[in-house]
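Participant: Please find one structure pasted underneath; my questions will follow.
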Amino acid sequence: MSDGQAVGGTKAWGGRFAAPPDARLEAFNASVAFDVRMVREDIRGSVAHVRMLGRQGIVGADEAAAIEAGLWRVWDEVEAGTFGLTVADEDVHTGVERRLRDLVGSVTGKLHTGRSRNDQVATDLRLWTKGALLALIAGVLDLSEALLDVAAAHPTVAMPGYTHLQRAQPVLLAHHLLAYVAMLGRDADRLRDAYRRADVSPLGSGALAGVTYPIDRDATAADLGFADVSANSLDAVGDRDFVLDALHACALVAIHVSRLSEELILWSSAEFRYVTIDDAFATGSSIMPQKKNPDVAELGRGKAGRVVGHLVAMLTVAKGLPLAYNKDLQEDKEGLFDAVDTTLAVLDVFPPMLRTLRFDAPRMAAAAVADFSLATDAADLLAREGVPFREAHEVVGRLVGRCAAEGRTFADLSDAEWAEIHPVFGHRRPPLDAMESIAARDVPGGTAPGRVLAAHAAASADVATARSWLEEREAALAAVLRRPPANKVGG
Ligand code: ARG
-6 MSDGQAVGGT KAWGGRFAAP PDARLEAFNA SVAFDVRMVR EDIRGSVAHV
44 RMLGRQGIVG ADEAAAIEAG LWRVWDEVEA GTFGLTVADE DVHTGVERRL
94 RDLVGSVTGK LHTGRSRNDQ VATDLRLWTK GALLALIAGV LDLSEALLDV
144 AAAHPTVAMP GYTHLQRAQP VLLAHHLLAY VAMLGRDADR LRDAYRRADV
194 SPLGSGALAG VTYPIDRDAT AADLGFADVS ANSLDAVGDR DFVLDALHAC
244 ALVAIHVSRL SEELILWSSA EFRYVTIDDA FATGSSIMPQ KKNPDVAELG
294 RGKAGRVVGH LVAMLTVAKG LPLAYNKDLQ EDKEGLFDAV DTTLAVLDVF
344 PPMLRTLRFD APRMAAAAVA DFSLATDAAD LLAREGVPFR EAHEVVGRLV
394 GRCAAEGRTF ADLSDAEWAE IHPVFGHRRP PLDAMESIAA RDVPGGTAPG
444 RVLAAHAAAS ADVATARSWL EEREAALAAV LRRPPANKVG G
């Protein structure tokens, strides 16, 4: 379209405007390039609205039927890939209406009765976000399952547990992996929570104050599969908390994956050599023939920055906005779409990468007892024999200092030396074996094999429960976002 030419058709602003929009305004203002992703939600929202208008007698039943039939024709064009939008359409809402007018003519003008693009866009984006949250939950469950399977395949592998990235106490590899399953369990919970809050229909709030027609908000909400209707029209069109909730949930998923990534990067380095990443999930160097790089994990770490950025960006957009709708809110979509796409991409590649990891169990087990990682067990032994723990800590600390200075380990000490360190050690010896140390941490949430097994079973059950919740919601949403057979349309 040439500079400054009038647009015509269903341009939303109407008769008040004497001058056509400047091409630069048009380009700056338009959201078609990205909000076209909500085209199905937009059409479906209009179908629900016009059905309700017809049933309430706000428009004629024939008119409503004709509009609905036309909307499904636009839907068919979307499916066929022949529906096109241009910058002159401004946004997906106006674009769908413009195409509807091409198809069914002037009756189209009745569709927007008792509705504003403000409640329309909020409805579309909530519907879209619900679908996105379900996809994210599915991805989080897939990742949890991969971690659970890798843990189950390595039930007796010991490794150093770290604090300050210094070897601290031995733990089971499975226990370490289940820590991530715990994080992802909270993530799935947060996503479900975000879903619950997104699951509210703003449709019927109009531009900001409600509408003057006898609309039936419950009917449109039910038709679109929303669990509830919004309580306040100003809030409903001005609120993007549901976007922030989704972004926050994505950010935490990404943060958790970034932590796992960092560990895989460390563990696959020559310095650790705990794990080998499968060739199918590693990359080479264009100059160094020997290199094998953990790019998936590095990107998993790096993408978190991008997702967190979208959260911060949207928090900043929302900050200080007066009620109700402001065009600033159009900035909600690109960040949300990209955060969802990015998080889904991470959740897609991590499970297969994890499933093909190969752990060096002997090396991990050796590291688990190195660097005096069993010192706490020695102090615990004294404490169990009645020595106050602080004193026991002091005794064993001195022993560690002495061994370190002499370049020896606990395993090198003679019976006489043990007895001399403390009389208790004359008749009872602290564990020198990682599994003994691990088995001793037999408390709920601890690393003892039985506890880890129980935690694994509990987490697996949680994943199964979340899956059935998910499948129900997926089926319900798919039923909403489905074109009815042609003979059922507009009836
Ligand atoms: N493209 C707009 C958005 O994303 C749709 C709502 C426009 N509303 C308005 N009052 N201009 O927010």
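Quick note: the sequence shown, position 273, residue 266 per my numbering, numbers continuous. For each residue, glycine too, the CB sits at the ideal point set by N, CA and C. None of these values were measured; they are calculated from a predicted model.
Going along the chain, which residues of its own chain have a beta-carbon closer than 7 Å to the beta-carbon of A273, five neighbours each way excluded?
Facilitator: T349
Participant: According to DSSP, simplified to helix, strand and coil, what is S279?
Facilitator: DSSP places S279 in coil when its eight states are reduced to three.
Participant: Can we count L316 as close to ligand 2, meaning its CB is less than 7 Å from some heavy atom?
Facilitator: With respect to ligand 2, the structure shown offers nothing to examine, as its ligands consist of ligand 1.
Participant: How far does the beta strand (DSSP E) with V143 in it extend, from its first residue to its last?
Facilitator: No beta strand (DSSP E) contains V143, which is instead part of the alpha helix (DSSP H) from R110 to A146.
Participant: Looking at the secondary structure, which residues open and close the beta strand (DSSP E) in which V164 lies?
Facilitator: Q159 to L165
Participant: Specify the secondary structure class of Y267 as computed by DSSP and reduced to three states.
Facilitator: coil
Participant: Use the C-beta contact count for L136: other C-beta atoms within 10 angstroms, 16 or more gives buried, fewer gives exposed.
Facilitator: It counts as buried.
Participant: Out of R466, F330, G231 and K103, point me to the one whose CA is closest to N319's CA.
Facilitator: For N319, the nearest C-alpha among the options comes from G231.
Participant: Taking only heavy atoms of ligand 1 into account, decide whether any of them is closer than 7 Å to the Cβ of N111.
Facilitator: yes
Participant: Do L240 and L314 come within 8 Å of each other at the CB atom, strictly closer than that value?
Facilitator: no
Participant: Please state the DSSP three-state secondary structure of N225.
Facilitator: Three-state result, N225: coil.
Participant: Run through DSSP, which three-state label would G154 get?
Facilitator: Note: G154 maps to strand in three-state DSSP.
Participant: Quick one, are the C-beta atoms of F343 and G293 less than 8 Å apart?
Facilitator: yes
Participant: Between the C-alpha atoms of T339 and K285, what's the straight-line distance to the nearest angstrom?
Facilitator: It should be pointed out that residue 339 corresponds to Val in this sequence rather than to Thr. Approximately 20 Å between the Cα atoms of the pair.
Participant: Measuring CA to CA, which of H105, E291, R476 and I280 is closest to M346?
Facilitator: Selected option, being the one with the closest Cα: E291.
Participant: Name, in chain order, the residues that DSSP records as bridge partners for V193.
Facilitator: D221
Participant: Among A200, A191, G53 and V133, which residue has its Cα nearest to the Cα of Y173?
Facilitator: With distances taken between Cα atoms, Y173 lies closest to V133.
Participant: Secondary structure at F76, three-state DSSP: helix, strand or coil?
Facilitator: coil
Participant: Leaving out the 5 sequence neighbours to the left and right, which residues in its chain are closer than 8 Å to A433 when beta-carbon positions are compared?
Facilitator: D370, D373, P424 and A441
Participant: Cβ of S254 versus every heavy atom of ligand 1: is any distance shorter than 7 Å?
Facilitator: no
Participant: Apart from the five residues just before and just after G107, which ones in its own chain have a Cβ nearer than 6 Å to its Cβ?
Facilitator: V204, Y206 and I208
Participant: What three-state label does DSSP hand F352 in the structure shown?
Facilitator: strand
Participant: With which residues is N286 paired in a DSSP beta bridge?
Facilitator: T276
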